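Notes for the one structure printed next.
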Amino acid sequence: LGGVNTGDVNVKNCSAAGTDLCNTNKPPGKKCYACIDDDCSRTVSCEGDEDQCVSIRVTSGVQLKLKGCMSRSLCTMDKWNPQTTEVIEHVSCCEGDLCNGAEGVKLSLLIMLVPLIFSILFI
Numbered sequence: 542l543g544g545v546n547t548g549d550v551n552v553k554n555c556s557a558a559g560t561d562l563c564n565t566n567k568p569p570g571k572k573c574y575a576c577i578d579d580d581c582s583r584t585v586s587c588e589g590d591e592d593q594c595v596s597i598r599v600t601s602g603v604q605l606k607l608k609g610c611m612s613r614s615l616c617t618m619d620k621w622n623p624q625t626t627e628v629i630e631h632v633s634c635c636e637g638d639l640c641n642g643a644e645g646v647k648l649s650l651l652i653m654l655v656p657l658i659f660s661i662l663f664i
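In case it helps, our numbering puts the sequence shown at residues 542 to 664.
Put into structure tokens, the structure is as follows:
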């Protein structure tokens, strides 16, 4: 069992043999930043066995970033599907709430720090 949830796309691997409704797990309550190459400041509530926040960088002609929730079993796989190894450049999983960071927030902090440092040094 495994899954990936970016808020816009929620993919589940529901392979319990002969079992209907195998995707009815209760949400673990974790929250992660979520996006598909747009503003990554929104959040998503993880569902089922999605117990990790994830940041993925994919290149397929253009670079694309994905953020959301992912199952630990997918984060710890030794190898990704060999057909996709040329496309998936980076996968980073973490366990804390909102641990996969929102770049917009980090960039805003950097933009605020530059004038502050300038004013300290030159004023």
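The beta-carbon is built from N, C-alpha and C at its ideal position, and this holds for glycine as well.
Predicted, not measured: the structure shown is a model, and the values here were computed from it.
Return helix, strand or coil for residue i, following the three-state DSSP convention.
i	result
S582	coil
L488	Outside the shown range of the chain, which is 542 to 664, sits residue 488, and nothing can be said about it.
L662	helix
K609	For clarity, residue 609 is Gly in the given sequence; the question names Lys instead. DSSP places G609 in strand when its eight states are reduced to three.
V685	In the structure as shown, the chain starts at 542 and stops at 664, and residue 685 therefore has no counterpart that could be examined.
K571	coil
Using only alpha-carbon positions, find the residue among the options that is nearest to residue i.
i	options	result
C616	E636, Q604, L605	E636
T600	C594, D638, I629, C610	I629
D578	L639, M611, I597	I597
M611	V603, D638, F663, D580	D638
State buried or exposed for residue i, treating a residue as buried only when at least 16 other CB atoms are found within 10 Å of its CB.
i	result
I661	exposed
Tell me which residues share the same chain as residue i and place their Cβ nearer than 6 angstroms to its Cβ, disregarding the 5 neighbours each side in the sequence.
i	result
C576	K608
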